[in-house]
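A.B. asks:
Numbering (the numbering used here), first residue to last: -17 to 119.
(1) Are the beta-carbon atoms belonging to residue 13 and residue 21 less than 8 Å from one another?
(2) Roughly how many whole angstroms lie between the Cα atoms of residue 81 and residue 104?
(3) Mapping DSSP to helix, strand and coil, what is residue 117?
(4) Would you check if there are 3 or more beta carbon pairs closer than 8 Å linking the segment 93 to 111 to the segment 62 to 77?
(5) Which stretch, first to last residue, makes up the alpha helix (DSSP H) that contains residue 6?
(6) Going by DSSP, what residue range makes up the alpha helix (DSSP H) through residue 67?
(7) Could you spell out where the alpha helix (DSSP H) holding residue 22 opens and where it closes?
(8) Using only the alpha-carbon positions, how far apart do residue 117 and residue 97 sit?
(9) Pull up the distance between the alpha-carbon of residue 85 and that of residue 72, whole angstroms please.
(10) Assign residue 11 to buried or exposed, taking buried as 16 or more other Cβ atoms, counted over all protein chains shown, within 10 Å of its Cβ.
(11) Whole angstroms are fine: how far does the CA of residue 66 sit from the CA of residue 19?
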């Protein structure tokens, strides 16, 4: 283990570290060259392709998966609406706090407190959050 003042010792040799780096070279190249979003989309595509092949091996087709997703569509819609309305509700509370902050913290002279510009921008954002939370769609 070692004393607290010493550096953490590892048992990974230089050759093993080199092999690990060589295996990760393609993934790091994709992230460095194309960015995180494109690399994430590529990884998601590869996972979807792998799941499709595994489904074919076990006798599922994409039509079977589509029928299952269509059968459970109401549940997925309800969960999505709940998550979206919860997110907009939290943003609405934040917008209300920001819109009232110049009045609530009037006597403070802190440079980092929200000012009038932030309060004015929070009003239209709060309106859209209100529509997202309580609107019927």
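Glycine included, C-beta positions come from ideal geometry on N, C-alpha and C.
C.D. replies: Considering the structure as presented:
(1) The count along the chain shown starts at 1 and reaches residue 13 at position 31. The count along the chain shown starts at 1 and reaches residue 21 at position 39. Result yes, Cβ atoms of residue 13 and residue 21 sit closer than 8 Å.
(2) To locate residue 81, count along the chain shown from 1; it is residue 99. To locate residue 104, count along the chain shown from 1; it is residue 122. Each residue's alpha carbon lies about 6 Å from the other.
(3) In the chain shown, residue 117 corresponds to position 135, counting from 1. Note: residue 117 maps to coil in three-state DSSP.
(4) yes
(5) Counting from 1 along the chain shown, the entry for residue 6 is found at position 24. Where residue 6 is concerned, there is no enclosing alpha helix (DSSP H), given that its DSSP letter is neither H nor E.
(6) In the chain shown, residue 67 corresponds to position 85, counting from 1. Here the alpha helix (DSSP H) through residue 67 covers 55 to 86.
(7) Position 40 of the chain shown, counted from the first residue, corresponds to residue 22. First-last of the alpha helix (DSSP H) with residue 22: 18 to 39.
(8) Taking the chain shown and counting its residues from 1, the one referred to as residue 117 is at position 135. Taking the chain shown and counting its residues from 1, the one referred to as residue 97 is at position 115. If I take the Cα positions, the gap works out to 29 Å.
(9) If you number the chain shown from 1, residue 85 lands on position 103. If you number the chain shown from 1, residue 72 lands on position 90. Looking at the two C-alpha atoms, the distance is approximately 21 Å.
(10) The residue given as residue 11 occupies position 29 in the chain shown. Its Cβ having fewer than 16 others within 10 Å, residue 11 is exposed.
(11) Position 37 of the chain shown, counted from the first residue, corresponds to residue 19. Position 84 of the chain shown, counted from the first residue, corresponds to residue 66. Answer to the nearest angstrom: the Cα atoms are 22 Å apart.
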